[in-house]
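Trainee: Residue numbers (this note's numbering), protein chains in the order written: chain A, 17 to 728; chain B, 3 to 171; chain C, 707 to 809.
I am attaching a structure below and will ask some questions about it afterwards.
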């Protein structure tokens, strides 16, 4: 089949899985997950085939696989829907397909497929364990998730949204995928809907990303009105870009290109949780761990960065927009890293880590490091998905211990309750370690090192020193809190009986970890810079050539400089060592000197937003819209109708119905009949002679009529 | 005017006059007696029509039985021998008007009929009307059934009259 | 000689006189007298039609008249019995007083 047909078909299996599960196989867990994982597998095959074919095309950037069809008419033209596979798409498609498949497979084990139904499990709450009788004594085992099939339906839809976004050839299709993922993030973060915290988190995620989406839509609308097209290939032509650069937008002196870029970037701020719209991402940890992996590594947040990467030719036209982008990226990176240091929940650390790493990518784009940003996006997807799935595995192991001891007050996600898990859960430990090292940028053998190093090199070489130092600081903190996390969770001795009884998770959960760990190690080697000492030149910098070909002018390779490399090594290794040393001896939160309230409480930003935005909105809704408008005005008008109609009805009844219809016609006809009857009965006298006379009169009359009119 | 016509007119006058007296006499016994004379006149009319049997039966049955019955009834229903009160009811004028109208109607009907002026045919030679009548009355392909039914009717009337007028103590 | 019309008119007159008696007399027996006159008029008609018919040997007219005799006799008998019965009960023979079948 032709490549473009195949590309069109790639997003199809997951959405089909969604519909099939929702409509038909909801009751059967095995059938649902088979359909879902099968669909992810089919999309994966399709993506791999397209990737391989894409590799074989010379100058894919100039001649990408592309196909589009008109979707709905708009005046003379039509909005189109279409697919495009250029080098950027191919590279992103690779990691999206792998991570999606791994997460789908992982979910089977995570939701305890094959385990018995829980003792008192409710739909809407996380499963709580089932009591089993084994060899005469009872113990509690993990129970299967009650809403098992629903989960797979939702992540199927999520995968569909991501594929649509990645494969789209215009902003409209991208936005469609964007919004589908927004919906699914709401559905999945609030998966356990009976928990109030989950519900609130889902609403918060949706609302916050919505703010970004509004601005993004404005940007798309402005772009369409300025150029008449939304297709990437048509926008990124010399002429169109030049036009956009020169038209003034009328807003603070930005050119049209700059303003559009800024508006689209605000969408990314929301979706990729950059400051100030980062508040939803930590709360999104309420969802099941595969969701966290999906949203925060493989798909949703990557989509935000992908959008900026895609629009890079436009955004890079305006230096002020680029500065804003770089600033927000770098600031977020450092800001989130400082918060991560003081978090005790294993998933929260990773959440802030994600925000921080996304800041790295955004900052890289802001300084013009196109390939570096793409590189880091891809490697981050692999190792962050690995870390999240690993944390899910740890939590599962801890919950196993929880069910064993029966103590439900212990938080299975608090790192201070863990410890010594490297012996209990070896596969999880080694893969998590690889992921953690990749995140920290451990040299040579992890992919994270290569991608982060490239960002440093680019920032330094182009003279963006403020960004460089901020990112270096953030990298140091990253390594530090990562090692803190690993030390507290896996190293040392078990601090609680629950950790003592933790168990390794089944193959459906550990196999994805291993596969992702493989990529976390090896993917870095496709982007080794040419001029790297010793290793550079051994393996060609395939990524730079391939992805760089997406842009009209291929970015040139950065000249090698020792300073960024050394900085990178120092912060990575230094951070790791410091984290290990410090936390070897810390056994509880009280002993941790970095539990600074300001950091622990995320700089009180949530509280600030609550006071400034949320509470006034509630007040407005309650008092103005509800009490004044709805109850007062609208209901007031309606309450006029009732009495008015009643009055009208009474009027008609008393003035027309009763006198005319009842009395005049109704009673009147009766009275007339009665009167007639009274008069007529006088005929019946009882006297035969009178009867006879009456009969004769009538007889004569009839006879006369007959005689004169008929016989005559 | 032939003799027959003159006789007819005389008989007619007699009968009609008696009839008129029947309906106008105050005294009921007189009325009954006037009825007798009317019936007699009708009998003569039958004789004029060569319906000899009818004439005799008229005298025997009507005068001999029915008129006598009337006299008996009159006798039995008087409180005293005098007649009191008016003999016409208050609406007698309407009755008169109606009977005139009926007569006029009948007359007009008769005017329109063509067979009105047929003259009498001669009786066939040797025509015995009585035996012919007898044959007709009992012959199965003539009028035996009405004859028998009439007898039943008479029985019924007999029984009924007795029952109705029976004086229970 | 005597055309049929004379007989018929004679019968009609007698009938009308009897009708007048029926409609106008107070006494119930007098009413019955009137009825008798009417019946006799009918009989004259029948006899006349027999005599002046196409075929004199057809005795239909006379037979009908005989039957009318029988009926008249029966009717008088029953009628007078009724009048006597009513007289015994109500002590009156005035027709207008026998009016209980009114409204």
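Cβ coordinates follow ideal geometry from the N, Cα and C atoms, glycine included.
According to a CB-to-CB cut-off of less than 9 Å, which residues of the region 66 to 99 of chain B neighbour chain A?
Mentor: 91, 93, 96 and 97
Trainee: Have a look at residue 57(B) and residue 71(B) and give me their C-alpha separation to the nearest angstrom.
Mentor: By 1-based counting over the second chain, the position of residue 57(B) is 55. By 1-based counting over the second chain, the position of residue 71(B) is 69. When rounded, the distance between both Cα atoms is 20 Å.
Trainee: Against residue 105(B), what residues of chain C qualify as contacts under a CB-to-CB distance less than 7 Å, listed in chain order?
Mentor: Against the second chain, residue 105(B) aligns to sequence position 103. 718, 719 and 722, listed in chain order.
Trainee: Is it buried or exposed for residue 383(A), if we count other Cβ within 10 angstroms and need 16 for buried?
Mentor: Residue mapping note: residue 383(A) aligns to position 367 of the first chain, counting from 1. Buried: at least 16 other Cβ atoms inside 10 Å.
Trainee: With burial defined as no fewer than 16 other Cβ atoms inside 10 Å of the residue's Cβ, what is the status of residue 86(A): buried or exposed?
Mentor: Here residue 86(A) corresponds to residue number 70 of the first chain, with the count starting at 1. When all chains shown are included, residue 86(A) counts as exposed.
Trainee: Taking just the CA atoms, how far does residue 338(A) sit from residue 527(A)?
Mentor: Numbered from its first residue, the first chain carries residue 527(A) at position 511. Numbered from its first residue, the first chain carries residue 338(A) at position 322. Cα-Cα distance, rounded: 41 Å.
Trainee: Quick check: the Cα distance between residue 717(C) and residue 688(A), rounded to an integer number of angstroms?
Mentor: The residue given as residue 717(C) occupies position 11 in the third chain. The residue given as residue 688(A) occupies position 672 in the first chain. The straight-line gap from Cα to Cα measures roughly 47 Å.
Trainee: Count the other CB atoms within 10 Å of the CB of residue 681(C); is the residue buried (16 or more) or exposed (fewer)?
Mentor: This structure gives no information on residue 681(C), because the portion of chain C shown stretches from 707 to 809.
Trainee: Using a Cβ cut-off of 7 Å (strictly closer), state whether residue 689(A) contacts chain C.
Mentor: One-based indexing of the first chain puts residue 689(A) at position 673. For residue 689(A), the answer is no, since every Cβ of chain C falls outside 7 Å of its Cβ.
Trainee: Return the CA-CA distance between residue 740(C) and residue 676(A), expressed in angstroms with no decimal places.
Mentor: Locating residue 740(C) in the third chain gives position 34, counting from the first residue. Locating residue 676(A) in the first chain gives position 660, counting from the first residue. Rounded to the nearest angstrom, the two C-alpha atoms are 56 Å apart.
Trainee: Specify, as a first and last residue, the run of the alpha helix (DSSP H) that residue 49(A) falls within.
Mentor: On the first chain, residue 49(A) is found 33 positions in, with the first residue counted as 1. According to the DSSP assignment, residue 49(A) belongs to the alpha helix (DSSP H) that extends over 45 to 71.
Trainee: Let me know the secondary structure DSSP gives residue 97(A) once reduced to three states.
Mentor: Taking the first chain and counting its residues from 1, one reaches residue 97(A) at position 81. Here residue 97(A) sits in strand by DSSP.
Trainee: Tell me where the beta strand (DSSP E) around residue 87(A) begins and ends.
Mentor: Here residue 87(A) refers to the residue found at position 71 of the first chain. Element bounds for residue 87(A): 81 to 90.
Trainee: Report the residue ranges of all beta strand (DSSP E) runs contained in full by the region 322 to 383 of chain A; include only those spanning at least 3 residues, in chain order.
Mentor: If we require 3 residues or more, the region 322 to 383 of chain A turns out to have no beta strand (DSSP E) run fully inside it.
Trainee: In whole angstroms, what separates the C-alpha of residue 228(A) from that of residue 432(A)?
Mentor: Numbered from 1 along the first chain, position 212 holds the residue referred to as residue 228(A). Numbered from 1 along the first chain, position 416 holds the residue referred to as residue 432(A). Distance between the alpha carbons of residue 228(A) and residue 432(A) is about 36 Å.
Trainee: When the distance is taken between beta carbons, is residue 536(A) closer than 7 Å to residue 595(A)?
Mentor: The residue labelled residue 595(A) in the question sits at position 579 within the first chain. The residue labelled residue 536(A) in the question sits at position 520 within the first chain. It is not a contact, given that the beta carbons lie outside the stated cut-off.
Trainee: Consult DSSP for residue 153(A) and reduce its assignment to one of helix, strand or coil.
Mentor: Along the first chain, one-based indexing puts residue 153(A) at 137. Looking at residue 153(A) - three-state DSSP - the assignment turns out to be strand.
Trainee: With C-beta atoms as the reference, is residue 735(C) less than 7 Å away from residue 792(C)?
Mentor: The count along the third chain starts at 1 and reaches residue 735(C) at position 29. The count along the third chain starts at 1 and reaches residue 792(C) at position 86. Going by C-beta atoms, residue 735(C) is not nearer than 7 Å to residue 792(C).
Trainee: Between the beta-carbon of residue 391(A) and the beta-carbon of residue 565(A), is there less than 7 Å?
Mentor: For the purposes of this step, residue 391(A) is identified with residue 375 of the first chain, where counting begins at 1. For the purposes of this step, residue 565(A) is identified with residue 549 of the first chain, where counting begins at 1. Not closer than 7 Å, so no.
Trainee: Could you check where the alpha helix (DSSP H) with residue 492(A) kicks off and where it finishes?
Mentor: Translated into the one-based positions of the first chain, residue 492(A) becomes position 476. Residue 492(A) -> alpha helix (DSSP H) spans 481 to 506.
Trainee: Just the Cα atoms here: how many angstroms apart are residue 510(A) and residue 493(A)?
Mentor: By 1-based counting over the first chain, the position of residue 510(A) is 494. By 1-based counting over the first chain, the position of residue 493(A) is 477. Computed Cα separation, rounded: 26 Å.
Trainee: Give the straight-line distance between the Cα atoms of residue 83(A) and residue 89(A), rounded to the nearest whole angstrom.
Mentor: The residue given as residue 83(A) occupies position 67 in the first chain. The residue given as residue 89(A) occupies position 73 in the first chain. Distance between the alpha carbons of residue 83(A) and residue 89(A) is about 18 Å.
Trainee: In angstroms with no decimal places, state the Cα-to-Cα distance between residue 26(B) and residue 129(B).
Mentor: On the second chain, residue 26(B) is found 24 positions in, with the first residue counted as 1. On the second chain, residue 129(B) is found 127 positions in, with the first residue counted as 1. Going from the Cα of residue 26(B) to the Cα of residue 129(B) covers about 42 Å.
Trainee: What residues from chain C crowd round residue 134(B), counting only those whose CB sits closer than 8 Å?
Mentor: Translated into positions along the second chain, residue 134(B) becomes position 132. By Cβ distance, chain C contributes 763 and 765.
Trainee: At a CB-CB cut-off below 8 Å, which residues of chain B make contact with residue 806(C)?
Mentor: Start at 1 with the first residue of the third chain, and residue 806(C) comes out as number 100. Within chain B, no residue comes near residue 806(C); the closest Cβ sits about 17 Å away, beyond 8 Å.
Trainee: In three-state DSSP terms, what is residue 147(A)?
Mentor: Here residue 147(A) refers to the residue found at position 131 of the first chain. Residue 147(A): strand per DSSP, three-state reduction.
Trainee: Mind checking which residues open and close the alpha helix (DSSP H) that includes residue 94(B)?
Mentor: What you label residue 94(B) is simply residue 92 of the second chain in a count that begins at 1. It spans 94 to 113 - the alpha helix (DSSP H) in which residue 94(B) sits, taken as one unbroken run.
Trainee: Using a Cβ cut-off of 8 Å, pull out every chain D residue sitting near residue 49(B), in sequence order please.
Mentor: This model lacks chain D altogether; the protein chains it does include are A, B and C.
Trainee: Look at the alpha carbon of residue 707(A) and the alpha carbon of residue 135(B), and state the distance between them as a whole number of angstroms.
Mentor: Taking the first residue of the first chain as position 1, residue 707(A) is located at position 691. Taking the first residue of the second chain as position 1, residue 135(B) is located at position 133. Their Cα atoms are separated by approximately 39 Å.
Trainee: Compare the C-alpha of residue 194(A) against each of 656(A), 618(A), 322(A) and 482(A) and name the closest.
Mentor: Within the first chain, the letter at position 178 stands for residue 194(A). Nearest option by C-alpha distance: 322(A).
Trainee: When you compare only the Cα positions, how much space is there between residue 48(B) and residue 142(B)?
Mentor: Within the second chain, the letter at position 46 stands for residue 48(B). Within the second chain, the letter at position 140 stands for residue 142(B). So the two alpha carbons sit approximately 27 Å from each other.
Trainee: Could you tell me which residues DSSP pairs with residue 247(A) in its beta bridges?
Mentor: By one-based count along the first chain, residue 247(A) stands at place 231. Answer is 186(A), bridged to residue 247(A).
Trainee: Work out the CA separation of residue 303(A) and residue 166(A) for me, nearest whole Å.
Mentor: Within the first chain, the letter at position 150 stands for residue 166(A). Within the first chain, the letter at position 287 stands for residue 303(A). For residue 166(A) and residue 303(A), the distance between alpha carbons rounds to 14 Å.
Trainee: Going along the chain, which residues of its own chain have a beta-carbon closer than 8 Å to the beta-carbon of residue 108(A), five neighbours each way excluded?
Mentor: For this step, residue 108(A) is matched to residue 92 along the first chain. Within the same chain, residue 108(A) has close Cβ partners 182, 318, 322, 390, 393 and 394.
Trainee: Given that a residue counts as buried once 16 or more other Cβ atoms are within 10 Å of its Cβ, and exposed if not, what is residue 78(A)?
Mentor: Start at 1 with the first residue of the first chain, and residue 78(A) comes out as number 62. When all chains shown are included, residue 78(A) counts as exposed.
Trainee: Let me know the secondary structure DSSP gives residue 169(B) once reduced to three states.
Mentor: Stepping through the second chain from its first residue, residue 169(B) is reached at position 167. Looking at residue 169(B) - three-state DSSP - the assignment turns out to be coil, as it is neither helix nor strand.
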